[in-house]
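This note's numbering applies: residue 6 is where the sequence shown begins, and numbers increase by one. Glycine included, every Cβ here is placed at the ideal spot set by N, Cα and C. Here the structure is a predicted model, which is why all the values come from computation and not from measurement. To start, the structure itself, in structure tokens.
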Amino acid sequence: MTYSIIPVIALYYFSPFLAEATINGVLSVGIELKYAMLFHFLVTWVIFWGAISVQRDLYQGFRLVYFGVKSLINKKGQ
């Protein structure tokens, strides 16, 4: 199984914006700041693992299509 650094870079770059958005959103609802920080942590965790899972699934799908097309081309050439 392969992983990429791209979700980590995206999360590192967007984390301050995500933190500000989630904290402002939670505070506007009226929840205390300590719960807003917990909510931000959970949202960040879900987005990070979601990005890795989607990327892994896309990689496996593209790999499957690539080898399928490659085998069809090899069969056609014989």
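Please identify the residue among A24, I57, F53 whose C-alpha is closest to the C-alpha of F44. Taking the sequence shown and counting its residues from 1, the one referred to as residue 44 is at position 39. Among A24, I57, F53, the Cα nearest to that of F44 is on A24.
Rounded to a whole number of angstroms, what is the C-alpha to C-alpha distance between N29 and R61? Here residue 29 corresponds to residue number 24 of the sequence shown, with the count starting at 1. Here residue 61 corresponds to residue number 56 of the sequence shown, with the count starting at 1. The straight-line gap from Cα to Cα measures roughly 32 Å.
Assuming contact is defined by CB atoms lying nearer than 9 Å, are Y40 and V31 in contact in what I supplied? In the sequence shown, residue 40 corresponds to position 35, counting from 1. In the sequence shown, residue 31 corresponds to position 26, counting from 1. Result yes, Cβ atoms of Y40 and V31 sit closer than 9 Å.
In chain order, what residues of the same chain lie with their CB nearer than 6 Å to the CB of V48, ignoring the 5 residues before and after it? Along the sequence shown, read from residue 1 onward, the residue named residue 48 stands at position 43. Excluding positions up to five away in sequence, the list reads T27.
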